[in-house]
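Protein chains in written order, with the numbering used here: chain A, 1 to 112; chain B, 1001 to 1109.
Notes follow once the structure below has been shown.
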Amino acid sequence: DVKVTQSSRYLVKRTGEKVFLECVQDMDHENMFWYRQDPGLGLRLIYFSYDVKMKEKGDIPEGYSVSREKKERFSLILESASTNQTSMYLCASRRQGNYGYTFGSGTRLTVV
Amino acid sequence: TQLLEQSPQFLSIQEGENLTVYCNSSSVFSSLQWYRQEPGEGPVLLVTVVTGGEVKKLKRLTFQFGDARKDSSLHITAAQPGDTGLYLCAGANTDKLIFGTGTRLQVFP
């Protein structure tokens, strides 16, 4: 079964900590995406990557960075976590072209 | 900024009823996708529609893409409790998806 795996289902971090969210896909997909999902705001794109070592800002990149050193892995980094970054974070991947996304199960991050 | 508005936001119905969810935009999309998300999980792709006017059926679910490729609808016939979840439409533009605001469906036995 092909899948996108997010390393943690739940995380609790303190304000100011550096936080790493890891995402791995086993489908050899070129494109990978990070979204956050908040009640009433829907899914908002943070960063995406067309291929290894490539990254593009999404709609809300402030306070975040990403790393894609290998094709299968796309990491989201919160440089200095803040309470307004408490959210559900969803990673997705897709084959290059007009195809559907495969999502991971999400990481629910709470910043206290 | 492109927006996809879904209606209704919430829907609570009895098993066996029919329902329709709408997804509207002022923008044209090259294709439109529908996803269902269950609590604690990521969205799962249901269907992709590409051609204006296209209709696709997936068992009791019928998806339609508007002629102008700006809107779409999802119709569920004889809803079941297993249909409960958050339904999301997503429009494709260049290499990104724009997600709709979501419709939360609850089907009671």
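Just so you know, even glycine gets a beta-carbon here, dropped at the ideal spot from N, CA and C.
All values reported here derive from a predicted model rather than from experimental measurement.
Going by beta carbons, residue 1101 (chain B) and residue 1037 (chain B) fall outside the 8 Å limit. For residue 48 (chain A), the chain B residues whose C-beta falls within less than 9 Å of its own C-beta are 1095, 1096, listed in chain order. Scanning the segment 47 to 85 of chain A from its first residue to its last, the whole beta strand (DSSP E) runs of 3-plus residues come out as 64 to 70, 73 to 78. Interface annotation, residue 1072 (chain B): not in contact with chain A, CB-CB separation never under 8 Å. Straight-line measurement puts the Cα of residue 75 (chain A) at about 13 Å from the Cα of residue 18 (chain A). Excluding sequence positions up to five before and after residue 100 (chain A), its CB lies within less than 8 Å of the CB of 94, all in the same chain and listed in chain order.
Sequence-distant Cβ neighbours of residue 14 (chain A) in its own chain, meaning closer than 8 Å and more than five residues away, are 81, 111, 112. Taking one beta carbon from each stretch, the segment 1016 to 1026 of chain B and the segment 1070 to 1083 of chain B have 3 or more pairs nearer than 8 Å; the two touch. Note that the C-beta distance between residue 87 (chain A) and residue 28 (chain A) is not below 8 Å.
With a cutoff of 8 Å on beta-carbon distance, residue 24 (chain A) and residue 47 (chain A) are scored as not near each other. DSSP places residue 1060 (chain B) outside any beta strand (DSSP E), giving it a letter other than H or E.
Contact between the segment 1023 to 1041 of chain B and the segment 50 to 62 of chain A is absent: fewer than three C-beta pairs spanning the two stretches fall below 8 Å. Residue 1091 (chain B) sits in a strand when the DSSP states are folded into three classes. No Cβ-Cβ contact shorter than 8 Å links residue 1071 (chain B) with residue 1052 (chain B). Taking C-alpha positions only, residue 1035 (chain B) is separated from residue 1044 (chain B) by approximately 5 Å. For residue 84 (chain A), the closest Cβ of chain B is not nearer than 8 Å.
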